[in-house]
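Accompanying notes for the structure given below.
Number of protein chains: 2
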Amino acid sequence: MIIDRLFNEVEKNGNVCVGLDSHLDYIPVNLKEKYQDIDEVLFKYNKEIIDKTCDLVPVYKLQIAYYEAYGIKGLLGYKKTIEYLRSIKKITIGDIKRGDISSTAEMYAKAHFEGEFEVDFITLNPYLGFDTLTPFLKYIESGEKGVFVLLRTSNPGAKDIQYLKVSPKDEYLYYIVGDKLNEIGTKYRGSCGYSSIGAVVGGTHVDEAKEIRNRYKNMFFLIPGYGHQGATGKDVSLYLNNGNGGVINSSRGIITAYKNYEDGNQRFADYARKAVLEMREDIQSESGV
Amino acid sequence: MIIDRLFNEVEKNGNVCVGLDSHLDYIPVNLKEKYQDIDEVLFKYNKEIIDKTCDLVPVYKLQIAYYEAYGIKGLLGYKKTIEYLRSIKKITIGDIKRGDISSTAEMYAKAHFEGEFEVDFITLNPYLGFDTLTPFLKYIESGEKGVFVLLRTSNPGAKDIQYLKVSPKDEYLYYIVGDKLNEIGTKYRGSCGYSSIGAVVGGTHVDEAKEIRNRYKNMFFLIPGYGHQGATGKDVSLYLNNGNGGVINSSRGIITAYKNYEDGNQRFADYARKAVLEMREDIQSESGV
Numbered sequence: 000m001i002i003d004r005l006f007n008e009v010e011k012n013g014n015v016c017v018g019l020d021s022h023l024d025y026i027p028v029n030l031k032e033k034y035q036d037i038d039e040v041l042f043k044y045n046k047e048i049i050d051k052t053c054d055l056v057p058v059y060k061l062q063i064a065y066y067e068a069y070g071i072k073g074l075l076g077y078k079k080t081i082e083y084l085r086s087i088k089k090i091t092i093g094d095i096k097r098g099d100i101s102s103t104a105e106m107y108a109k110a111h112f113e114g115e116f117e118v119d120f121i122t123l124n125p126y127l128g129f130d131t132l133t134p135f136l137k138y139i140e141s142g143e144k145g146v147f148v149l150l151r152t153s154n155p156g157a158k159d160i161q162y163l164k165v166s167p168k169d170e171y172l173y174y175i176v177g178d179k180l181n182e183i184g185t186k187y188r189g190s191c192g193y194s195s196i197g198a199v200v201g202g203t204h205v206d207e208a209k210e211i212r213n214r215y216k217n218m219f220f221l222i223p224g225y226g227h228q229g230a231t232g233k234d235v236s237l238y239l240n241n242g243n244g245g246v247i248n249s250s251r252g253i254i255t256a257y258k259n260y261e262d263g264n265q266r267f268a269d270y271a272r273k274a275v276l277e278m279r280e281d282i283q284s285e286s287g288v
Numbered sequence: 000m001i002i003d004r005l006f007n008e009v010e011k012n013g014n015v016c017v018g019l020d021s022h023l024d025y026i027p028v029n030l031k032e033k034y035q036d037i038d039e040v041l042f043k044y045n046k047e048i049i050d051k052t053c054d055l056v057p058v059y060k061l062q063i064a065y066y067e068a069y070g071i072k073g074l075l076g077y078k079k080t081i082e083y084l085r086s087i088k089k090i091t092i093g094d095i096k097r098g099d100i101s102s103t104a105e106m107y108a109k110a111h112f113e114g115e116f117e118v119d120f121i122t123l124n125p126y127l128g129f130d131t132l133t134p135f136l137k138y139i140e141s142g143e144k145g146v147f148v149l150l151r152t153s154n155p156g157a158k159d160i161q162y163l164k165v166s167p168k169d170e171y172l173y174y175i176v177g178d179k180l181n182e183i184g185t186k187y188r189g190s191c192g193y194s195s196i197g198a199v200v201g202g203t204h205v206d207e208a209k210e211i212r213n214r215y216k217n218m219f220f221l222i223p224g225y226g227h228q229g230a231t232g233k234d235v236s237l238y239l240n241n242g243n244g245g246v247i248n249s250s251r252g253i254i255t256a257y258k259n260y261e262d263g264n265q266r267f268a269d270y271a272r273k274a275v276l277e278m279r280e281d282i283q284s285e286s287g288v
């Protein structure tokens, strides 16, 4: 199952998920001048970073909004990047946060689990209810694919809905979501013990980290919020289990690390590698592995 | 403001929103054989339907999943369709249901309010919280753009999260969302009285229709669920105010209406027109206009 592949990659390469949120403003001018088409600029930037980091990381995440923003060419850059990642056997997460009624969800599944935008994992939004997951289950059951459903996010607005207290037990809403995902996910556990139905859990709120980790022992977490959004290695390590059971995403902290160096423009991928190494060490020293 | 344009269109043309959820299976074989590229097939199908219905409807909605499913070419079909709609001055809703942290939401705003995929309205998902709306507000404030945020949807799973009872008042969660949207929307009301921050309210659950309409007097509703999903003209008219204040979407019921007729393949757009007329009448007879 795909979750076993991810588990093994984490065992081997650590927990850093490189977020390729490739805003054109993040890309060095010299690279932008070299290629005429946006898709090539995006792809070449991503490829250099991938080539310099792929021996250090278990998985790459692409936030599709950054590509949608540049229209057809932008999405062509997305497609080229995930195709490349798959060709070198790296695991891919399409951070698409889709969520829709089942006939529509079927089309999203076709788009992101089969078509030109095929990735290994996607992120999903549960607001419309759990029937919206159904069209994805056959892909998960086949062992080929997995999902990370939004549970508790890393932004300040997370409190608006996810932290509402729900009757009759007066529990945070995100536990209602988590309990249900946990239940659905039981059927899709790999030999590593984790389910291919994982959850997105922001690394920025740490008060309930231990409770979340204990309550969902078989859930694999995609953890955003490291670096720019404020979560530290210590914070995010609370969501891990003996150094596994989760990957921690960093985007700007890695792909724009070069901006702090004089020779950054020329060596942006080297500085991405350096940032990955530092982040990996920060997490590992805290998770005691 | 865009909401005034929509209000006026509804006054003139009624409440039917044509949903261009253009699955290739819905498209007549003879049309599919005529064009080599998927973008052309999708566009020509949409264009014929648009040309035969545009004097009868206030707005068109494109569910982007149906285009994403066909990859780059599919999205090119999406782009061509919305460009065409804008060229003939019809109002467009991009049914994208995005929702993400603010830096990402900024990119979605750029994608769907500025770029190649520019539409007049988009749909948004509130699960991540209300800070995720912020990047869209400057577009709304300019008067050019509007949003419909998911409040209570038309699928069975709506009960899973939207109908949770929230402490301390033991109210349905969707009222928490609605009250907050209503509050944010106050600032963006047009001269018609409605706000450019509208809501998606499924037409299939009618028990609380009157309460929703009364509680959110200045909110314009995008109402899915008519036809295939089970809502009737009587059901959806409960969400209107003197025949305005909402548009009712139908997709398959209109764009595949031709399948019931022997000469449907040749005359699919004529039958789409017939379906629109019948639906418009069904709603108007019930809303007493």
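These protein sequences, in sequence, are chains A and B.
Numbering that gives the first Met the number 0 applies: residue 0 is where the first sequence begins, and numbers increase by one.
Numbering that gives the first Met the number 0 applies: residue 0 is where the second sequence begins, and numbers increase by one.
Don't be surprised by glycine CBs; every beta carbon is placed ideally from N, CA and C.
Secondary structure of A:V118, DSSP reduced to three states: coil
Whether B:A208 touches B:L163 by CB criterion (7 Å): no
Rounded straight-line distance, which links the Cα of B:I1 to that of B:I326: Summary: the structure shown does not reach residue 326 of chain B, with chain B confined to residues 0 through 288, and so no result is reported for it.
Beta-bridge partners of A:A198, as assigned by DSSP: A:V148 and A:F220
Cβ-Cβ distance between B:S153 and B:G224 below 7 Å: yes
Spatial neighbours of B:G232 in its chain, beta-carbon cut-off 6 Å, leaving aside the 5 residues before and after: D281, I282 and E285
Assigned exposure category for B:H290 - 16 Cβ within 10 Å defines buried: Any answer about residue 290 of chain B is impossible in this case: the structure gives chain B only from 0 up to 288.
Within chain A, the residues that B:K158 reaches when beta carbons sit closer than 8 Å: G128
Other residues of its chain near A:N264: CB distance less than 6 Å, five sequence neighbours each side excluded: P27 and N29
B:G189 vs B:V235 beta-carbon contact at 7 Å: no
Residue nearest to A:Y59 in terms of C-alpha spacing, selected from A:D20, A:V200, A:D178 and A:Y66: A:D20
Whole-angstrom distance between B:Q62 and B:G70, CA atom to CA atom: 14 Å
B:Y260 versus B:A268: straight-line alpha-carbon distance, rounded: 12 Å
Rounded separation between A:D262 and A:V275 - CA only: 18 Å
Separation of A:K46 from B:E182, as counted between CA atoms: 45 Å
Cβ-based neighbour list, B:T131, same chain, cut-off 8 Å, excluding 5 preceding and 5 following: G98, D99, I100, S101, A104, L123 and P125
Exposed unless 16 or more other CB atoms sit within 10 angstroms - verdict on A:S194: buried
Closest by C-alpha distance to B:G226, when choosing among B:A68, B:G18, B:D169 and B:G114: B:G18
First through last residue of the beta strand (DSSP E) which encompasses A:Q62: V58 to Q62
Expected contact under 8 Å - CB spacing of A:V118 and A:G156 to nearest Å: Contact flag wrong, Cβ pair sits at about 26 Å.
Assigned secondary structure, A:Y65 (DSSP; H/G/I helix, E/B strand, else coil): helix
Nearest neighbour of B:G73, chosen from B:F42, B:K179 and B:I139 [CA to CA]: B:F42
Cβ-Cβ separation, B:G244 to B:F219 (assumed contact under 8 Å), whole Å: 6 Å
From B:D159, B:N217 and B:I253, residue whose alpha carbon lies closest to that of B:T185: B:N217
A:A230 at chain B interface by Cβ criterion, 7 Å: no
Start and end residues, alpha helix (DSSP H) containing B:G279: According to the sequence as given, residue 279 of chain B is Arg; it is not Gly. F267 to S286 is the extent of the alpha helix (DSSP H) around B:R279.
Through-space distance from A:A256 to A:S250, alpha-carbon basis: 10 Å
Below-7 Å beta-carbon distance, A:S166 vs any chain B residue: yes
7 Å Cβ cutoff met for B:V246 and B:N14: yes
For A:T91, the first and last residue of its enclosing beta strand (DSSP E): I90 to R97
Cα-Cα separation, A:I49 to A:L84: 8 Å
Short Cβ contact (7 Å threshold) for B:I196 with B:L172: no
Cβ-based contacts, 8 Å cut-off: residues of the stretch 55-72 of chain A near chain B: Q62, A64, Y65, E67, A68, Y69, G70 and I71
Under 9 Å (Cβ pairs) to chain A, residues found in the stretch 101-122 of chain B: S101, S102, T103, A104, E105, M106, Y107, A108, K109, A110, H111, E113, G114, E115 and F116
Contacting residues, own chain, Cβ-Cβ under 6 Å from B:R279 (five flanking each side not counted): G13 and V15
Burial state of B:D38 (16 or more Cβ within 10 Å): buried
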